[in-house]
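Peer 1: Just so we're aligned: 661 in the working numbering is position 640 of the sequence shown, and the numbers increase by one with no gaps anywhere.
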Amino acid sequence: MTAQIRPSLAACPACVAAPHDSGDQAPTEARLALSLPGIHCQACISAVERELNAHPGIHSARVNLTLKRALIEADPEVRAADLIPVLERIGYEAHELDLAALAATQNDKAGRDLLMRLAVAGFASMNVMLLSVSVWSGASDATRDMFHWISAAITFPAIIFSAQPFFANAWSALRVRRLNMDVPIVLALVLALVTSLWETFLSGEHAYFDAALTLTFFLLAGRYLDYRTRAVARSAAEELAALEVPRAVRLLDGDEYEVPVADLAIGDLILVRPGGRMPVDGEIVEGQSELDRSLLTGETLPVFAAPGLAVSAGEVNLTGPLTIRATAVGENTSLHRMTDLVAIAESGRSRYTSLADSAAKLYAPGVHILSALAFAGWYLYTFDIRTALNIAAAVLIITCPCALGLAVPAVTTAASGRLFKKGMLIKHATALERLAEVDTVVFDKTGTLTAGTPEVTNLGEHARADLEIALALAEGSSHPLSVALSRAAREAGVKPASVQNITEVPGYGAEGLYRGARVRLGRAAWVGAKQGSQTAAWLDSGAGEAKPFLFTDALRPGAAEAVQALKEAGKDVLLISGDTTGAVEDLAGRLGIAKWVAEALPADKSARVQMLADEGKKVLMVGDGLNDTAALAAAHVSVSPASALDAARVASDIVLLGQDLSPIAEACGVAQKATRRIRENFRIATLYNVIAVPLAVAGLATPLIAALAMSTSSITVSLNALRLR
Numbered sequence: 022m023t024a025q026i027r028p029s030l031a032a033c034p035a036c037v038a039a040p041h042d043s044g045d046q047a048p049t050e051a052r053l054a055l056s057l058p059g060i061h062c063q064a065c066i067s068a069v070e071r072e073l074n075a076h077p078g079i080h081s082a083r084v085n086l087t088l089k090r091a092l093i094e095a096d097p098e099v100r101a102a103d104l105i106p107v108l109e110r111i112g113y114e115a116h117e118l119d120l121a122a123l124a125a126t127q128n129d130k131a132g133r134d135l136l137m138r139l140a141v142a143g144f145a146s147m148n149v150m151l152l153s154v155s156v157w158s159g160a161s162d163a164t165r166d167m168f169h170w171i172s173a174a175i176t177f178p179a180i181i182f183s184a185q186p187f188f189a190n191a192w193s194a195l196r197v198r199r200l201n202m203d204v205p206i207v208l209a210l211v212l213a214l215v216t217s218l219w220e221t222f223l224s225g226e227h228a229y230f231d232a233a234l235t236l237t238f239f240l241l242a243g244r245y246l247d248y249r250t251r252a253v254a255r256s257a258a259e260e261l262a263a264l265e266v267p268r269a270v271r272l273l274d275g276d277e278y279e280v281p282v283a284d285l286a287i288g289d290l291i292l293v294r295p296g297g298r299m300p301v302d303g304e305i306v307e308g309q310s311e312l313d314r315s316l317l318t319g320e321t322l323p324v325f326a327a328p329g330l331a332v333s334a335g336e337v338n339l340t341g342p343l344t345i346r347a348t349a350v351g352e353n354t355s356l357h358r359m360t361d362l363v364a365i366a367e368s369g370r371s372r373y374t375s376l377a378d379s380a381a382k383l384y385a386p387g388v389h390i391l392s393a394l395a396f397a398g399w400y401l402y403t404f405d406i407r408t409a410l411n412i413a414a415a416v417l418i419i420t421c422p423c424a425l426g427l428a429v430p431a432v433t434t435a436a437s438g439r440l441f442k443k444g445m446l447i448k449h450a451t452a453l454e455r456l457a458e459v460d461t462v463v464f465d466k467t468g469t470l471t472a473g474t475p476e477v478t479n480l481g482e483h484a485r486a487d488l489e490i491a492l493a494l495a496e497g498s499s500h501p502l503s504v505a506l507s508r509a510a511r512e513a514g515v516k517p518a519s520v521q522n523i524t525e526v527p528g529y530g531a532e533g534l535y536r537g538a539r540v541r542l543g544r545a546a547w548v549g550a551k552q553g554s555q556t557a558a559w560l561d562s563g564a565g566e567a568k569p570f571l572f573t574d575a576l577r578p579g580a581a582e583a584v585q586a587l588k589e590a591g592k593d594v595l596l597i598s599g600d601t602t603g604a605v606e607d608l609a610g611r612l613g614i615a616k617w618v619a620e621a622l623p624a625d626k627s628a629r630v631q632m633l634a635d636e637g638k639k640v641l642m643v644g645d646g647l648n649d650t651a652a653l654a655a656a657h658v659s660v661s662p663a664s665a666l667d668a669a670r671v672a673s674d675i676v677l678l679g680q681d682l683s684p685i686a687e688a689c690g691v692a693q694k695a696t697r698r699i700r701e702n703f704r705i706a707t708l709y710n711v712i713a714v715p716l717a718v719a720g721l722a723t724p725l726i727a728a729l730a731m732s733t734s735s736i737t738v739s740l741n742a743l744r745l746r
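#1: Is the segment 143-161 touching the segment 214-234, taking contact as three or more C-beta pairs under 8 Å?
#2: Using a 10 Å radius around the Cβ and a threshold of 16 neighbouring Cβ atoms, would you call Ala413 buried or exposed?
#3: Mind checking who Trp617 pairs with in its DSSP beta bridge?
#4: Going by C-alpha to C-alpha distance, which of Arg271, Pro323, Leu708, Leu480 sits closest to Asp289?
#5: Would you call the CB atoms of Arg697 and Asn741 closer than 8 Å?
#6: Just to confirm the assignment: which complete beta strand (DSSP E) runs, minimum length 3, are found wholly within the segment 550-611?
#7: If contacts are defined as beta-carbon pairs under 8 Å, then Val540 and Leu502 qualify, I think. What distance do you get, rounded to the angstrom?
#8: Counting C-beta neighbours from all protein chains within 10 Å, is the total for Gly565 16 or more, i.e. buried, or is it exposed?
#9: Out of Pro569, His449, Leu446, Ser498, which has the shortest C-alpha to C-alpha gap to Glu481?
#10: In chain order, which alpha helix (DSSP H) runs of at least 4 residues are fully inside the segment 164-247?
#11: Consult DSSP for Ile287 and reduce its assignment to one of helix, strand or coil.
#12: Start and end of the alpha helix (DSSP H) containing Gln693?
#13: Taking all protein chains shown into account, decide if Val640 is buried (16 or more other Cβ within 10 angstroms of its Cβ) or exposed.
#14: I need the DSSP call for Ile66, collapsed to helix, strand or coil.
#15: Going along the chain, which residues of its own chain have a beta-carbon closer than 7 Å to the beta-carbon of Gly579, five neighbours each way excluded?
#16: If the criterion is Cβ atoms closer than 8 Å, does the pair Asp302 and Ala349 meet it?
#17: Going by DSSP in three states, Asp302 sits in which element: helix, strand or coil?
#18: Our contact map puts Pro7 next to Thr469 with C-beta atoms below 8 Å; I'd like the distance itself, whole angstroms only.
#19: Let's test the definition: count the other Cβ atoms within 10 Å of the Cβ of Gly112 and tell me whether it reaches 16, buried, or not, exposed.
#20: Alpha carbon to alpha carbon, how far is Asp607 from Lys466? Give it in angstroms, no decimals.
#21: Would you mind stating whether Met299 and Glu352 have Cβ atoms separated by less than 8 Å?
#22: Any idea which residues DSSP pairs Gly275 with across the strands?
#23: For Arg407, which residues in the same chain have their Cβ closer than 6 Å to its Cβ, ignoring the five residues on either side in sequence?
#24: Note down the Cα distance separating Gly514 from Thr340, rounded to an integer number of angstroms.
#25: Identify which residue in Leu152, Ala174, Pro715 has its Cα closest to the Cα of Thr164.
#26: Counting beta carbon pairs with one atom in the segment 475-491 and one in the segment 582-596, are three or more of them shorter than 8 Å?
#27: Let me confirm a value: Thr707 is counted as buried when at least 16 other C-beta atoms fall within 10 Å, else exposed. Which label applies?
#28: Tell me, to the nearest whole angstrom, how far the beta carbon of Gly528 is from that of Ala327; I am working on the premise that it is less than 8 Å.
#29: Helix or strand or just coil, what does DSSP make of Phe144?
#30: State the DSSP-derived secondary structure class of Asn479, mapped to helix, strand or coil.
#31: Considering Asn411, what are the terminal residues of the beta strand (DSSP E) in which it resides?
#32: What is the DSSP secondary structure of Leu740, counted as helix, strand or coil?
#33: Considering only C-alpha positions, which residue in the set Gly473, Val660, Ser507 is nearest to Glu489?
#34: Out of curiosity, what's the CA-to-CA distance linking Ala54 and Pro77?
#35: Reducing DSSP to helix, strand and coil, say where Glu636 ends up.
#36: Go ahead and pull the three-state DSSP assignment for Ala518.
Structure representation (structure tokens):
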């Protein structure tokens with residue numbers, strides 16, 4: 022067995038969407054999606070694709086680094102179980118994903134759609150601006166009218182296409198009798214277009230098609246910046262569903278049948294081979310092995326599995342074949358219940374109101390009232406509907422929430438760029454605002470504060486001969502402790518002894534013959550020793566008492582610095598783990614964390630985070646496992662390492678790209694600065710309106726001047742945001 026890397030091969034949306042010419046014939050290919058979170062660079066992509074494409078029966082294998090997925094097209098008889106060992110041999114542990122569960126999330130076109138609309142608005146705006154320059158330069162009469170009509174021909178289709186998101190959002194709000202930021206935007210556009218068209222019909226000197234296009238361009242730029250701060254990621258609940266095993270081996274009258282998991286029923290006997298994931302909750306009826314529960318419970322070490330032990334969907338069988346009797350299937354499994362926990366937690370977080378949304382509640386009705394009053398006042402004063410409409414349009418344009426629309430995305434984009442250089446990827450648009458409010462930080466243990474891999478602590482206390490025997494036995498075992506011992510011994514220059522007939526006994530350890538005597542490396546009881554409080558693998562060398570190799574979980578780089586910096590910033594730090602009490606207490610002592618909780622189930626973690634929230638705490642959750650996903654979704658804001666399981670990364674707001682945890686404390690400081698910049702931008706936009714609105718109401722600003730003033734305020738807001746860099 023190799024050390025668990027927690028990878029995830031995943032399917033590229035473009036690959037999935039690509040058409041395939043099958044003609045009238047039945048499908049001749051199998052399409053498989055694998056998940057491999059351990060890939061992190063182009064070299065990983067090349068290695069994975071090279072190995073998969075070289076495997077017999079594979080037609081093509083394509084890897085997407087961003088999603089950490091690969092799509093494989095192969096002969097119908099090729100199964101994911103055939104490919105997983107291929108990747109394990111080159112250091113990547115793979116898991117099969119269910120393509121059907123991911124199908125709903127593979128056609129996200131929002132980013133491309135916004136970019137296309139932005140490009141059309143920009144191109145049309147430049148062309149109309151060129152025509153407007155001619156008018157400003159003195160073109161008159163028929164020439165001026167011709168330029169205005171050409172501008173109208175360019176502007177109307179461009180506005181209809183580019184401003185469609187604003188029209189749709191405004192209509193959605195008006196249909197339920199409420200206002201949002203898009204309602205004044207649409208009114209400003211419509212008034213500018215109507216006024217310009219009227220002026221063109223009457224051969225007027227001024228038309229404001231360029232103002233309408235400029236307004237649309239800047240607003241779309243704000244929307245696109247906002248979109249770029251969000252991760253193009255699927256729902257955590259769907260990601261969890263994709264981790265559920267799509268097929269299982271059912272035993273019937275001694276024969277094996279591969280069937281969809283959906284066809285399993287309570288009481289079915291299911292065979293789970295080494296390396297396989299449990300498809301259902303059940304009870305072991307035959308076989309001995311060890312189970313990796315780290316993704317579900319956070320336990321560092323495998324658990325001994327024997328008949329009578331209850332198992333949960335999602336656990337990994339490590340060393341020996343197991344036969345289990347299903348006790349819960351489908352929606353009743355523990356993995357599916359965890360999916361429900363995540364969905365509930367996500368809905369709670371979605372109720373957070375951003376600063377921009379709060380401002381919009383007051384801003385939108387104020388703009389409409391002011392414009393209506395300006396129109397009514399000027400019409401009653403002049404009885405000239407043309408003048409009244411021009412001034413009303415100017416008021417709407419000059420007060421249009423473009424600066425407010427840019428205030429948040431400009432700052433979050435600048436802050437995201439700064440944090441990205443430090444190794445942190447901001448996924449959610451409101452994550453920085455929420456991070457600035459954090460007063461309590463909750464850490465998971467395994468894979469978050471620790472590297473999740475055991476480390477030998479007493480190698481130097483053993484005789485050279487014992488080390489050579491231990492190395493030979495360890496290399497014949499797939500247990501994580503054996504892998505760690507092998508690595509440490511090799512690094513120390515130890516060569517394996519000539520141990521014969523090495524065999525691994527599932528659940529116990531490895532044994533062999535050395536100079537005619539039996540030697541063993543494994544559990545304390547198996548070698549006749551008494552297990553102490555510290556994690557250990559015991560060596561019976563055939564000479565004297567068994568000797569322990571002691572292990573500890575290695576700290577992740579920057580863990581101590583991050584905890585210390587957060588405490589110095591006045592934040593409460595709490596450690597919650599599904600690991601054993603001794604392991605959690607030891608780590609808490611090493612890091613100086615006074616509050617800790619051990620042996621916590623996924624529901625316990627989520628409940629503890631919710632309890633802190635109910636006490637008025639703003640919780641930052643940092644975790645990486647499947648057992649942390651519900652807590653990550655329930656927290657006020659959350660962080661996951663890039664090495665985390667796909668579901669944990671999707672549920673989190675921020676992804677830590679490197680191994681070092683120290684940027685977490687810095688991110689809190691940057692978030693507080695970003696929030697101050699956002700408030701400064703709101704004040705700039707307010708000051709701009711205090712100066713500009715009276716001028717527009719007084720009739721001193723045409724719609725074109727209003728558009729230029731609006732653009733100036735937008736540029737000022739963007740420059741203020743860049744101070745964060």
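Where a beta carbon is used, it is the ideal one built from N, C-alpha and C, also for glycine.
Nothing here was measured: the structure is a model prediction, and the numbers come from that model.
Peer 2: Let's see:
#1: yes
#2: Translated into the one-based positions of the sequence shown, residue 413 becomes position 392. Ala413 is buried by the Cβ-count criterion.
#3: Position 596 of the sequence shown, counting from 1, holds the residue named residue 617. DSSP lists Leu596 as partners of Trp617.
#4: Position 268 of the sequence shown, counted from the first residue, corresponds to residue 289. Out of Arg271, Pro323, Leu708, Leu480, Arg271 has the C-alpha closest to the C-alpha of Asp289.
#5: Position 676 of the sequence shown, counted from the first residue, corresponds to residue 697. Position 720 of the sequence shown, counted from the first residue, corresponds to residue 741. Taking 8 Å as the cut-off, the Cβ atoms of Arg697 and Asn741 do not count as close.
#6: 557-561, 568-576, 593-597
#7: Numbered from its first residue, the sequence shown carries residue 540 at position 519. Numbered from its first residue, the sequence shown carries residue 502 at position 481. Not a contact, Cβ separation roughly 16 Å.
#8: In the sequence shown, the residue the question calls residue 565 occupies position 544. By the 10 Å Cβ count, Gly565 comes out exposed.
#9: To locate residue 481, count along the sequence shown from 1; it is residue 460. The displayed chain sequence assigns Gly, not Glu, to residue 481. For Gly481, the nearest C-alpha among the options comes from Pro569.
#10: 185-196, 203-222
#11: Translated into the one-based positions of the sequence shown, residue 287 becomes position 266. Correct three-state label for Ile287: coil.
#12: The residue labelled residue 693 in the question sits at position 672 within the sequence shown. Counting along the chain, the alpha helix (DSSP H) containing Gln693 begins and ends at 684-718.
#13: Here residue 640 refers to the residue found at position 619 when the sequence shown is read from its first residue. Under this definition Val640 is a buried residue.
#14: Position 45 of the sequence shown, counted from the start, is the residue given in the question as residue 66. Residue state, collapsed to three classes: helix.
#15: In the sequence shown, the residue the question calls residue 579 occupies position 558. The residues Asp681, Leu682, Ser683, in chain order, have a CB closer than 7 Å to that of Gly579 in the same chain once the five nearest residues on each side in sequence are set aside.
#16: Here residue 302 refers to the residue found at position 281 when the sequence shown is read from its first residue. Here residue 349 refers to the residue found at position 328 when the sequence shown is read from its first residue. In contact: Asp302 and Ala349 (Cβ atoms closer than 8 Å).
#17: Here residue 302 corresponds to residue number 281 of the sequence shown, with the count starting at 1. Of the three classes helix, strand and coil, the one that applies to Asp302 here is strand, per DSSP.
#18: The structure shown does not extend to residue 7, since the chain spans only 22 to 746, so no value can be given for it.
#19: As a first step, residue 112 is located in the sequence shown; it is residue number 91 there, counting from the start. Exposed: under 16 other Cβ atoms inside 10 Å.
#20: Here residue 466 is taken as the residue at index 445 of the sequence shown, counted from 1. Here residue 607 is taken as the residue at index 586 of the sequence shown, counted from 1. The alpha-carbon atoms of Lys466 and Asp607 are separated by roughly 11 Å.
#21: The residue labelled residue 299 in the question sits at position 278 within the sequence shown. The residue labelled residue 352 in the question sits at position 331 within the sequence shown. Going by C-beta atoms, Met299 is not nearer than 8 Å to Glu352.
#22: Sequence index remark: in the sequence shown, residue 275 carries index 254 (1-based). Partner residues in a beta bridge of Gly275, as assigned by DSSP, do not exist.
#23: Reading the sequence shown from its first residue, position 386 is the one you call residue 407. Counting only Cβ-Cβ distances below 6 Å, and skipping sequence neighbours, we find nothing.
#24: Working through the sequence shown from its first residue, we reach residue 514 at position 493. Working through the sequence shown from its first residue, we reach residue 340 at position 319. Answer to the nearest angstrom: the Cα atoms are 28 Å apart.
#25: Sequence index remark: in the sequence shown, residue 164 carries index 143 (1-based). Selected option, being the one with the closest Cα: Leu152.
#26: Under the three-pair Cβ rule at 8 Å, the segment 582-596 does not count as touching the segment 475-491.
#27: The residue labelled residue 707 in the question sits at position 686 within the sequence shown. So Thr707 counts as exposed.
#28: What you label residue 528 is simply residue 507 of the sequence shown in a count that begins at 1. What you label residue 327 is simply residue 306 of the sequence shown in a count that begins at 1. Indeed they touch by this definition, with Cβ atoms about 7 Å apart.
#29: Sequence index remark: in the sequence shown, residue 144 carries index 123 (1-based). In this structure, Phe144 counts as helix in the three-state DSSP scheme.
#30: Along the sequence shown, one-based indexing puts residue 479 at 458. It is coil, neither helix nor strand.
#31: Reading the sequence shown from its first residue, position 390 is the one you call residue 411. Where Asn411 is concerned, there is no enclosing beta strand (DSSP E), although the alpha helix (DSSP H) it sits in stretches over 406-419.
#32: In the sequence shown, counting from the first residue as 1, residue 740 sits at position 719. Correct three-state label for Leu740: helix.
#33: For this step, residue 489 is matched to residue 468 along the sequence shown. Nearest of Gly473, Val660, Ser507 to Glu489, Cα basis: Ser507.
#34: In the sequence shown, residue 54 corresponds to position 33, counting from 1. In the sequence shown, residue 77 corresponds to position 56, counting from 1. Near 17 Å, if we compare the C-alpha coordinates of Pro77 and Ala54.
#35: To locate residue 636, count along the sequence shown from 1; it is residue 615. Note: Glu636 maps to coil in three-state DSSP.
#36: Numbered from 1 along the sequence shown, position 497 holds the residue referred to as residue 518. Here Ala518 sits in coil by DSSP.
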